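Contents: one structure, followed by commentary.
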Amino acid sequence: MKLRNETMKTIIFDIERNSFVDGPGIRTTVFFKGCNLKCKWCHNPESQNREKEILFYKNKCTWCGRCSELTVDDEHFLCFNDAKEICGKEYTVDEVFAEVIKDKAFYETSGGGVTFSGGECMLQIDLLLEMLKKCKENGIHTAVDTAGHIPWESFEKILPFTDLFLYDIKAMNEEIHKEYTGVTNTCILENLKKLLKSNVDVWVRIPIVPDVNDTEEEMKNIKAFFESYGYPAKIELLPYHAMGEHKYEALGKSVEKFDVPDKEKIEKLKNIVVPY
Amino acid sequence: MTDRIAELTKLTLEGKMFAEMTATEFDREDIFLSKQEMESKRLCEHILNQKPVLTQYQKMTGFFLCRNGIVVGDAFHRQGHKAWEEMRKDFYLKNIDNLSTLEWQHATADYKKVLEKGIKGIIAEIDDSLKLHTEKEEQEFLSALKNVAETLIKWAHKCSEKALEMSEQTDIPEYRSNLKTLSEALKNVPENKPSSFYEAVLAIYVCFSADPDSVGTLDRYLNPFYEKDLKEGKLTRDEAKEYLQELFLMLQAATHIANGNFTRGGESHFCIGGYLPDGSDGFCDLSKLILEALIDLPTWIPQVTLRWTKKTPKEVFRFALDCERKDPNKRIAFQNDEKRLKCYTEICGFPFEKAVGYTTVGCNEPAFLGAITGSNSKINFARCIETLFHKKSEKIINTKDFDEFYSVFLEEMFSDLETAYEYDNKYNRMRAKDINYLSSIFFQGCIEKARSLTQGAGDVVIASPMYIGIANVIDSLIIVKQFVFDEKIITMAELVSALKADWQGYEELHALILKKGDFFGNDTDRSNYVAQKLYQSLYEFLKDKTNLFGYHWLIGDLIGYNPHHKWFGEKMEATPDGRHKCDSLKFGLGQSEGKDRNGLTALLNSIAKVDPNAIGCGSTVTNLMIDEQLVKNEENFEKTVDMLETYFKNGGVHFQLTYVSKEDLINAKATPDDYKNLRVRVSGFSDYFVKLNEAIQDDIIKRTTQK
């Protein structure tokens, strides 16, 4: 069954134009809400829950009480102190496309395009498929940023319309993976093997989180994986940063603290896993 | 940098290369002569009485100044322009009805002509014109030009003798030889056509005295000499660079060190690259060398603009942006030829081969080689909004839809513009009472028409008053459309009451507007629609309008050195864009106060699309503030290059960059001693942040830094 564009809606928590970090060239990144991993270092905790949420920054609140009856669907609500904000807005495929197409000229000059990210955008595969198709029909380079804990059938659906996968390896050690993300990495690595075999471009991104996966052993295992199943077009190491911490509090969630890795360490790890 | 240039740089930065003026005693019986005879006679005597700046390090000399107010000066400097001086006392920096204010004009001499025929050739033109113009005043004017032109030749000969004397005083063989070469060359130029690249640069060096402002399209008129000498093996690239640097140092030295403008690039500004008359892109090896020569020098003046065309290779654009990011003194800006030439050919009606001769002068005012910028006023464009909401609110309170409101607005806006343009004409009429003998030799049309530069002699000139507050007007219209008509959040009556109360008692509405306003720069359908509608109206209003001299009216939006945006704003009531009573207005379209929330591509799209007719190709500046991180990393820098190229492809007219964080600026204002070297782009010129007046500092702090 194919749903029509107009009726399919999803919750998007941000559309970021002029992104330099989510793939080649200048890109627009569409952040889906909802994720099936719960990485303890996640810097976008507001992306985990699929539903709209209210973020509450207590330190900015003056207790004026205007928001006492606020619900997540109250679109016109405005907190004058920026203490409360509603995270997530419903978008149809066409509405997302209308934003993405605005920077087409920038994509063309720079070899950029659109990146669907999240959360886990592949959880809403039918809608994602429609968005990808629409972008491809209009000559826009498409990237899908995924954690990969998704049935392979979903990958098969979108492969013909996806130019690039941004794919995370969060840990090779299964126990560590399970402990820190909530799921095992079996399905993730199996999918990655298949992707590396297909014709699509893959960039692998490795978050480096001190005392979790910042070991030479991890990097060596990743390297061994690539040697067996093929190297992706690009490998990026993403050092952990603490810039998402305040959002945990705003969501009423407890935050796990990690150190920020130093530059030399990143360089050292990079030299192990990156083959040039 | 060679040792010689290093020495000259040191002397320049110490202020020792400034051409101090020697006072001249004039014959008191001069007053029995006619005005033109007397003024030109005294000018000639002043010139010949000057002493050339000469040290053993020089291979060029011959720059002089006439800024003592006793002689009629060059076109650039105010002193000596007696009628203008009289007007200045009452109108410069003193606005009329908070609508119009007088400004000075920049210009650039026709150096191409000097290099093609020498002053001798120009004198022959004057002789021809003398046969055609028989009226007494015309005859007197042309005779005056001839006398001054002949005096310039004599001046060069005097400099030649001094150079020879100096050569005999130096023991260093290289310097002695340089000075001898200089002495010989001054016997030939600027009198005759230069015989080499060196002589060509020297001719400009001397003639710059006639209009010490902009060297215009330097790369294109020097290039034939450069290519010929290189080909014939008479010149190396390094030698050419040295000559260019000596010229640039003189441009820096032309401003006195004690003058606050000594560190402001806008004192002298020129262009490289851009379309040539045959439609090819003119960026050549010499253009590149000009950038290299300039960036090597630790000076502030001149500043240079790259004219980009669709044919400009990416590596050229990247090279210029790379020089720009590495230049601590912020001397490089960028113009889009596609948009400007559309304006100059389609709206102004200039033939393509003349239109391509534009350059930017001063703070980015466009002028053509051998012409002046034709307007001399700044307009408070936002006054009409204030009038509607505070004085004539009965006209808008019952408007039924946005279109009806907009037509009432247009009536008020056009009425203001008519008045403001009439003032611009009055300023020009007053200025026409001053006659420029020196500059008119080197300006197009003056000799043929036997009329001074100040009297509208130019044949390719545009008149672009600068509109202050365009973004305030656009945003005010958007808020009315969004809040009153589209979303019906408030009535017009409520908005009027809120503005009359300066938002007091309407704090929630004010906050709502600031946070939810669909402001310009966010690339949304509504904000783009309103902005484009306004520019379309301006285009239709102005497309067939010219000033008293027949120069086409265009629109600009820069402010120059003075904070007119503050002076206009502090006398104004609140406006619908969330502006409070007495707040400064905005200049330019680059948004501020975080009103552009959708990122840099959204802002660039909004600006690039606002004016498809190109009526805004007057004195227009787009200041972009970018986080330094974007250009520190090579990969990001490449993307920034792509982004800015796309902006031009989409129709952006101009941009210049400042890389700094808001925190730095706030700290710099609070503790200026710690930020003495922080250099920023202001309004077409760059300067040290801590030297700017508070209103301009505040404006820069409010600009949105894009990440």
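As given, the protein sequences belong to chains A and B, one line each in that order. Each residue of the first sequence is one higher than the one before, starting from 3 at the first, in the working numbering. Each residue of the second sequence is one higher than the one before, starting from 262 at the first, in the working numbering. Don't be surprised by glycine CBs; every beta carbon is placed ideally from N, CA and C. For clarity, every value in this text was computed on a predicted model and none was experimentally measured.
Interface residues of the region 96 to 115 of chain A facing chain B [CB-CB below 7 Å]: Lys104, Asp105, Ala107, Phe108, Thr111 and Ser112
For B/Asn637 and B/Asn689, believed in contact at Cβ under 8 Å, the rounded distance: 7 Å
Through-space distance from B/Ser737 to B/Glu924, alpha-carbon basis: 29 Å
Host beta strand (DSSP E) of B/Asp736 (start-end): It is not in any beta strand (DSSP E) - B/Asp736 instead sits in the alpha helix (DSSP H) that spans Ile731 to Ile740.
As assigned by DSSP and simplified to three states, the class of B/His651: Note: B/His651 maps to helix in three-state DSSP.
B/Phe544 and B/Phe675 closer than 7 Å at C-beta: no
7 Å Cβ cutoff met for A/Lys54 and A/Val74: Yes, the Cβ-Cβ distance between A/Lys54 and A/Val74 is below 7 Å.
Own chain, CB closer than 6 Å to B/Phe523, minus 5 neighbours either side, in chain order: These residues qualify, in order along the chain: Thr516.
B/Gly534, enclosing beta strand (DSSP E) - first and last residue: Start and end: His530 to Gly534.
Where B/Lys312 falls, given that 16 or more other Cβ within 10 Å makes a residue buried: exposed
For B/Glu553, the three-state DSSP class (helix, strand or coil): helix
B/Lys407 versus B/Ile876: straight-line alpha-carbon distance, rounded: Roughly 39 Å between the two C-alpha positions.
Heavy atom of the ligand COA within 6 Å of B/Ile729 beta-carbon: Only the bare structure without any ligand can be found here, which leaves the ligand COA out of the picture.
8 Å CB neighbourhood of B/Leu809 in its chain, flanking five on each side removed: Annotation for B/Leu809: Asn686, Asn689, Arg690 and Gly717 place their beta carbon closer than 8 Å to its own, counting only its chain and skipping 5 residues before and after.
Closer than 7 Å to chain A by CB, B/Asn356: no
Spatial neighbours of B/Tyr936 in its chain, beta-carbon cut-off 8 Å, leaving aside the 5 residues before and after: Leaving aside the five residues that flank B/Tyr936 on each side, the residues in its chain whose CB is nearer than 8 Å to its CB run, in chain order, Asp925, Asn928, Ala929, Phe950 and Val951.
Residue-level contact to chain B via CB, A/Phe167, 7 Å cutoff: False, the Cβ-Cβ gap to chain B never drops below 7 Å.
Whole-angstrom distance between B/Thr907 and B/Ala267, CA atom to CA atom: 39 Å
Completely contained alpha helix (DSSP H) runs for the region 319 to 396 of chain B, where each covers 4 or more residues: 343 to 352 and 372 to 393
DSSP three-state assignment for A/Glu53, whether helix, strand or coil: coil
Three-state secondary structure assigned by DSSP to A/Lys4: With a pLDDT of 48 at A/Lys4, under the threshold of 50, the predicted position of this residue should be treated as unreliable, though the coordinate-derived value follows. Secondary structure of A/Lys4 (DSSP, three-state): coil.
Assigned exposure category for B/Thr478 - 16 Cβ within 10 Å defines buried: buried
Under the three-state DSSP convention, the category A/Cys89 falls into: strand
Alpha carbon of A/Trp205 to alpha carbon of A/Lys236, nearest angstrom: The straight-line gap from Cα to Cα measures roughly 5 Å.
Residues in the region 206 to 230 of chain A having any Cβ partner in chain B nearer than 7 Å: none
Cross-strand partners of A/Asp203 (DSSP beta bridge): A/Leu166
Pair within 7 Å by beta-carbon distance, B/Tyr698 and B/Ala417: The answer is no: Cβ separation not under 7 Å.
Interfacial residues, the region 927 to 961 of chain B to chain A, with Cβ spacing under 8 Å: none
Beta strand (DSSP E) runs contained entirely in the region 13 to 66 of chain A, provided each spans 3 or more residues: 29 to 34 and 55 to 58
Rounded separation between B/Ser361 and A/Lys60 - CA only: One C-alpha to the other measures close to 49 Å.
The region 308 to 327 of chain B touching the region 458 to 470 of chain B, judged by at least three CB pairs closer than 8 Å: yes
Per-residue DSSP class, three states only, for A/Pro234: coil
Interface residues of chain B facing A/Leu80 [CB-CB closer than 9 Å]: Glu769, Ala772, Leu773, Lys776 and Lys777
Beta carbon proximity, B/Asn439 to chain A, threshold 7 Å: no
Reference B/Ala554; option with closest CA among B/Gly913, B/Glu500, B/Gln890 and B/Thr862: B/Glu500
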